[in-house]
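Chemist:
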Amino acid sequence: KSLSIRFGERVRELRKEQGLSQEGFADMCGFDRTYISGIERGVRNPSLSAIEALAMALSVTVAELFSGL
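Heads up: take any position in the sequence shown, counting from 1, add 403, and you land on my numbering.
1) Quick check on DSSP: helix, strand or coil for Thr437?
2) Taking the continuous alpha helix (DSSP H) assigned at Leu406, which residues delimit it?
3) Where does Gly427 fall in DSSP's three states?
4) Along the alpha helix (DSSP H) that carries Val465, what are the first and last residues, could you check?
5) Look at the alpha carbon of Ser424 and the alpha carbon of Val446, and state the distance between them as a whole number of angstroms.
6) Roughly how many whole angstroms lie between the Cα atoms of Arg444 and Arg436?
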């Protein structure tokens, strides 16, 4: 699997562990739900600032977000 797909799966896993919907998570990050969907499917390539926003919304470090990829 590509890094984009594995990263998206990791974001989805952490989001679901916290009981967040895509829409609720997107609101927390300041993104559109369709952008989160694209990241989780591996079709979007988030910027470093977007990755930082994802990690902050998930209450993990950037390193933890990439853990196991």
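C-beta: ideal position from N, C-alpha, C; glycine also.
Modeler: In this structure, then:
1) helix
2) 406-420
3) helix
4) 465-469
5) 19 Å
6) 12 Å
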